[in-house]
Structures are given as C-alpha cells and as structure tokens.
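Quick notes on the structure that follows.
Chains as they are written, first to last, in the working numbering: chain A, 586 to 866; chain B, 586 to 866.
Take a look at the structure:
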C-alpha cells in the first residue's frame, strides 16, 4: 500500500479493487478494471491478516491474456501452499524466508527474465545489477535450506495444520457466544485464524492472553505500533468496533493438538473474565 | 559512484575532487569546492582498493563550519581504526559487518537525528520508517557481537597488523624488482597491501597465486567482473599498464607472521615464473 501511495505522488494512477465479505478479489472486477494504460496488476496470494486466499490462477490467466504484468505478494503463502509461477501465469512473485521457518531479513523476488526491473540500491552491481551490496550469504543459505524442507513437508503439513486450524476455529465459535470468523472459512491459509469477539478489545485481550502464555496478535505485525482499526477488517465489511475486537492466531510446524486444547481453554476463560469485568456481556 | 551518476541523471550537480599520488583528498580542495548550493560532502574514510586514509577529521571540521552535511563511507575503516562521529564532526557514516568479521549482508548507516532521510524501501514502516521489511535479526545480532569484539581488540590488532603489513610490503618491494606500492605508505589501512608488478598482468597473477593457496584480488571486489583498469589506480596517476598489473592483499585477524613468510615466498616465485614465461623481464 505504501508503495502505491508513493507511486501516486509520482503521478501514477492506482485502481484499488474491492473485496467481498470473505476478503476475496473478484476476477470479473479485475477484468473490468484493466485498461490499455495498465502496467501492472499486484494482488496478494493470501492475506496476512485474515488468511484469505486469492484466485491467483484465474487472475494470472486474465493478466496474461490482456498482456499486463502480474505481481503477487506470496509472502504468507509460499512454503505453506503450492504456488507455481508457470501454471498460474505469475510474472513477479515476492516471498520472505521467515514465514516458513527460514531466517528473518531475507526474501526472494522472482521475476520472469523479460520483466524490465530497475534497482533501488546502486553500487557494485551485485545480483545482476539489481541489488548492489555484499550479499546476505547466511540468510540466502538459510532461505535455501528452509525452502527445501518446506517443499518436502508442505503437503502433509498443510493437511495437518488445516485440521488443527478448523478445530481451533470451530471450538472457539461454538464455545464462546458473540464471536465470528474473519476471512474465508475454507479458502484460507492453513496457519491463519482470525476471530472477532464482541465487546473484547483486541489489544487488551492480547495482553491478557500473553499472561497465560498464549501469544496472539491484532491486525498485522507491520502496523502493530498504530492503534487504528485494521483496514483489512473494515474492507471486508466489519464494523469499526468489531474490527477492533479481533485477534489473529498463527499455527506452525511446532503446533500440536494439545496446544490447540490449551489455547481454546485459555481463550474461553480470559474472554469470560474480560466480559465479566467490562459487564458488556 | 553509481549513486552519484544516478543523481546527475536526476539533475543534481556533483563535484569530484582529485586525489594526490597517495590517493588523498586535500582539505584545501574541499574547502574551495564547497558552494552555497552544496548539500552534502561524501568522502570515503579509507579507500577499499589502495587503503589510503582520508583526513576525515579535517574534512568534518570544514563541513561543520560551512554548514554542509558530511557523509563518510567507513566500510573499510570501521572496526580497524578509531572512528568517532562526534570528534570528527561526521553527520552520516556507513559501515558493513563483514569487514570486521561480522556476517555478510548487514551494515549500519549512522545519521545524526537532525538529518532528513527518506526511505528507499517502503512498507510496514520498520526501523522508524526508514527501512521497511522484517529486520535481519541474525545479521543485526552478529554485527553487534562483531562490533564488541572489534572495539575490544582494535588497538592491539591494528598495531599487530601494521607490523605484518609493513613487513609484507617492504619484503616484496625489496625482493622483487619493478614493483611499487599503491596508496600511502603510512596513512593506510592496517590490513591493506596494494602493489603493482611491472609486466605481470593482475588477473593472471591472481590465478597463479591461487594455485599456491594465496588468495589476492585485483581492483575492488565490486568490479571483479569487469576487466577495466581499476579507476582508483588511474586516479592516483598510475599508467594504465601498471594499473592493470596490480594486486591487493588483505590481512586479517587470522593472519600470522608465518603467513607473511609463505606469501612473500609464493609471490617471489610466481612473479619470477610469469616474467620468465612472458620474457618481458
């Protein structure tokens, strides 16, 4: 979004597409929005806040047909679900190592060789002139190994996490009244749970859960220092109050069924305690 | 240099200062070159090719007096010799972790808080909005530890290396005819040796020495894929042919007097062999 704002300042025109209540972009909307002036379509493969997957294969096909470059931010998806730049007609794809157990501070920008790129960082011309400066060798090696492991385990791990994720979602929604899932129930990241709890302010909930050893977040890590309602939740039609009453839980390689049990129990007791304190419920 | 070229394309005017035969910028030249339009002075603390130290304290004092921001690239110097941003009136200073045994791919830009900086990378606003993206945590931690160790050992290590460096230089110059030192004999990095060998092409010399287990380089690592004569050597007045006949040797924490003995012996025998082959000498 910040990159878009910067482009607007430079005189570019950006079209923002709406999303439905599950957070999905419509391929039809995209089709209609492309004009002869369109230089690039950029759509996240999966949303970082609510986990919703986008129809990137459909979008890729449309862009290729219309002769427009397609970039997807696959940071949340890569290493968790299959992404195939050939199959999905993706011209540019970004991913980040630490999202699948690699080191922090290293990522990949895939670009088809015909894409004209210009560097942000100038100097000694490293990385084919695209990113000058001595390469982050330990990070690159770590990302490579993490990719190999993720590729080998992805299918079984996605299956395992989807089961745990759905168990976590279903039990919270069933056990605690006034809760709703944010994002698509099925077309979502295996490791993402995002739920709104009526009357329970997210920041406070996060702090109380942390005392029980349960780490959750509100909104996205990128905006953890701002206290605005997560714009992603507003975009899917959540009212401001409910948007502020959401938490995000992430599952990972180390998460077990026992962790899910403990988490559900902690969330139930902390939510009941907060609601009793605030007497909203 | 690439950053300067890019600024020129954007309409900025750059003044390049000459250097003397040892590679030093003159403080008087700098003083004369500053105009009311000068926004920034940027001068390396120490040159990466020939190791020459610049009079940065003098330059810093001039810039402060004239109200012009002073940036120094201290990548080669930091961790090896004392740099003090307060004492030397430095407004901006860059350094790189791997130059003093830290990890590759991480560095520091010091900037006084009143310096207006704008980010190159936009996004989540990490690092006070100056460099968005998840931080390179392992790199940052490694750089921190490397800095601590370098600070503790710097004085004794610089002394030790200067002795080895001078031994290496003096023995090569004494034992092999048609050699000359590039850069300042005294005001140079403790770990840098750069010598031209008449009639011995640097790239070939490098390959032959590598067979003996001695790794040296020609020019700078940044331009190792180009085969132009090192512009730094041309700038100090070396003729093109002699500039192409130079090698750079770097000393480090692990370098011993025994290594210097072996290196001198290998250089003497390889140089003699090449000169015999090419019959130039």
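Cβ atoms here follow ideal geometry from the backbone N, Cα and C, with glycine treated the same way.
Query	Result
Would you mind stating whether residue 687/B and residue 721/B have Cβ atoms separated by less than 8 Å?	no
Return helix, strand or coil for residue 782/B, following the three-state DSSP convention.	strand
Terminal residues of the continuous alpha helix (DSSP H) containing residue 790/B?	787 to 796
Is DSSP giving residue 607/A helix, strand or coil here?	coil
I'd like to know if the stretch 747 to 764 of chain A and the stretch 707 to 714 of chain A are in contact, where contact means that at least 3 CB-CB pairs between them fall below 8 Å.	no
Ordered along the chain, which non-local residues of its own chain (more than five positions away) have a Cβ less than 8 Å from that of residue 731/B?	664, 682, 685, 686, 687 and 688
Measuring only the C-alpha atoms, how far is residue 668/B from residue 586/A?	39 Å
Identify each residue in the stretch 697 to 717 of chain A for which the Cβ-Cβ distance to at least one residue of chain B is less than 8 Å, and report them in chain order.	705, 706, 707, 708, 709, 710, 711 and 717
Measuring CB atoms only, is the stretch 617 to 628 of chain B touching the stretch 762 to 776 of chain B, in the sense that at least three cross pairs come out at less than 8 Å?	no
Which residues in chain A sit within 7 Å of residue 681/B, going by Cβ to Cβ distance?	719
Name the one or two DSSP bridge partners that residue 655/B has.	626/B
Would you say the stretch 612 to 626 of chain B touches the stretch 637 to 646 of chain B, given that touching needs at least three Cβ pairs under 8 Å?	yes
Of the residues that make up the stretch 635 to 659 of chain B, which ones have a beta carbon closer than 7 Å to any beta carbon in chain A?	none
Going straight from the alpha carbon of residue 634/B to that of residue 595/B, what length do you get?	29 Å
Alpha carbon to alpha carbon, how far is residue 789/B from residue 666/A? Give it in angstroms, no decimals.	49 Å
Are the C-beta atoms of residue 595/B and some chain A residue less than 8 Å apart?	no
Bridge partners for residue 867/B per DSSP, in chain order?	Summary: the structure shown does not reach residue 867/B, with chain B confined to residues 586 through 866, and so no result is reported for it.
Given a limit of 9 Å on CB to CB distance, which residues of the stretch 722 to 737 of chain B reach chain A?	722, 723, 724, 725 and 727
Between residue 654/B and residue 645/B, which are expected to be in contact by the criterion C-beta below 8 Å, what is the C-beta distance as a whole number of angstroms?	Residue 654/B to residue 645/B, Cβ: 11 Å. No contact.
Looking only at its chain, what residues have a beta carbon closer than 8 Å to the beta carbon of residue 794/B, apart from the 5 residues adjacent to it on each side?	800, 801, 832, 851, 852 and 855
Please list, in chain order, the chain B residues whose beta carbon lies closer than 9 Å to that of residue 690/A.	690, 691, 718, 719, 720, 721, 722, 723, 724 and 725
Taking just the CA atoms, how far does residue 727/A sit from residue 733/A?	10 Å
With the cut-off set at 8 Å, would you say residue 821/B and residue 767/B are in Cβ contact?	yes
Quick one, which of 602/B, 816/B and 845/B has its alpha-carbon nearest residue 746/B's?	845/B
Taking the straight line between their C-alpha atoms, what separation do you get for residue 736/B and residue 661/B?	15 Å
Exposed or buried, which one is residue 724/A when buried takes at least 16 other CB atoms within 10 Å?	buried
With DSSP collapsed to three states, give me the class of residue 763/B.	coil
Taking all protein chains shown into account, decide if residue 600/A is buried (16 or more other Cβ within 10 angstroms of its Cβ) or exposed.	exposed
For residue 587/A, would you say it is in contact with chain B, using Cβ-to-Cβ distances shorter than 8 Å as the test?	yes
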